[in-house]
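J.:
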Amino acid sequence: MNHTYDTGIRIEPLSYRSLRGAYRALREAFPNSGRWYCDLLASLNPCKRLGIPRLGGCDFLQYWVAVKSHHVIGVTGMYVVNLTYDNTAWIGWTTVRESSRGQGLGRHLIEHVLSQAKQHGVDCLAVYTSPQHSQAIRLYRSLGFQEEQGREQHLVFREMIANWEARRQS
Ligand SMILES: CC(C)(COP(=O)(O)OP(=O)(O)OC[C@H]1O[C@@H](n2cnc3c(N)ncnc32)[C@H](O)[C@@H]1OP(=O)(O)O)[C@@H](O)C(=O)NCCC(=O)NCCS
Numbered sequence: 779m780n781h782t783y784d785t786g787i788r789i790e791p792l793s794y795r796s797l798r799g800a801y802r803a804l805r806e807a808f809p810n811s812g813r814w815y816c817d818l819l820a821s822l823n824p825c826k827r828l829g830i831p832r833l834g835g836c837d838f839l840q841y842w843v844a845v846k847s848h849h850v851i852g853v854t855g856m857y858v859v860n861l862t863y864d865n866t867a868w869i870g871w872t873t874v875r876e877s878s879r880g881q882g883l884g885r886h887l888i889e890h891v892l893s894q895a896k897q898h899g900v901d902c903l904a905v906y907t908s909p910q911h912s913q914a915i916r917l918y919r920s921l922g923f924q925e926e927q928g929r930e931q932h933l934v935f936r937e938m939i940a941n942w943e944a945r946r947q948s
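Residues in the sequence shown are numbered from 779 upward in steps of one, following my numbering.
1. Can you tell me the Cα-Cα spacing of Ser796 and Glu790, whole angstroms?
2. For Thr866, is the beta carbon positioned less than 7 Å from some heavy atom of ligand 1?
3. Looking at ligand 1, does it come within less than 7 Å of Ser920, judged from the CB to the closest heavy atom?
4. Let me know the secondary structure DSSP gives Pro809 once reduced to three states.
5. Rounded to whole angstroms, what's the CA-CA distance from Ala904 to Gly812? Just pull it up for me.
6. Who are the near neighbours of Ala803 in its chain, counting only those whose CB is closer than 6 Å to its CB and skipping five residues on each side?
7. Can you give me the C-alpha to C-alpha distance between Tyr906 and Leu933, rounded to a whole angstrom?
8. For a test of your reading of the model: does the CB of Gln881 fall under 7 Å from any non-hydrogen atom of ligand 1? Yes or no.
9. Over what stretch of residues does the beta strand (DSSP E) that includes Tyr841 continue unbroken?
10. I want to check one thing, is the minimum distance from the CB of Ala807 to the heavy atoms of ligand 1 below 7 Å?
11. Apply the 10 Å Cβ neighbour rule to Gly884 and answer buried if 16 or more other Cβ atoms are within range, or exposed otherwise.
12. For Ala944, does the count of other Cβ atoms within 10 angstroms reach 16, so buried, or fall short, so exposed?
13. In whole angstroms, give me the CA-to-CA distance for Ala867 and Ser847.
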């Protein structure tokens, strides 16, 4: 389902039509990694999604784009890995185009993923990030995500869906 965020900004599922815009946004944010391109493509093709060895195969993989005036200004995603049975969904590659940052869109994208995680019936939403992504870390903390032990150079932040819901309703 498409979701109107603010006047003129829509959050909608990634499609082949918006793929090029999503590619540009992610290349701007993560120029040293091309792995996001495989993940975007796999999210559009359920057969490929099963074959991402890095993720152990996903039983859910979806990306969304924030679109304004036909331009992609933000990207986010969510995946659930088959091989882990901890009922956790993970946030995929996420960015807001530099010219659109600091206006609340990043927060809205992550809240969109939290509500998708709730609909998916998982207990928590987690994300890998790294220390240099200080704005993202601030964003996750301000949404209630708690830092936990990460792997190698990664940090992991995790939010219980029930806690997020309780905060939202208070
Ligand atoms: C992280 C990112 C998506 C945030 O997008 P955004 O649209 O600027 O975020 P928002 O405007 O919703 O701001 C959300 C929070 O981020 C922080 N933030 C945003 N802009 C900031 C800035 N210029 N300086 C410091 N903190 C900032 C604030 O804590 C803000 O919380 P607040 O609303 O309580 O003030 C964006 O900075 C980005 O694309 N960064 C590069 C890619 C990246 O790091 N992706 C995540 C990797 S895991």
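Built from N, CA and C at the ideal position, the CB exists for glycine as well.
T.: Let's see:
1. Spanning the two alpha carbons is a distance of roughly 9 Å.
2. no
3. yes
4. coil
5. 22 Å
6. Val850, Val853, Thr873 and Arg875
7. 6 Å
8. yes
9. Cys836 to Lys846
10. In this structure, Ala807 has its CB closer than 7 Å to one or more heavy atoms of ligand 1.
11. buried
12. The residue in question, Ala944, is exposed, as its Cβ has fewer than 16 Cβ neighbours within 10 Å.
13. 31 Å
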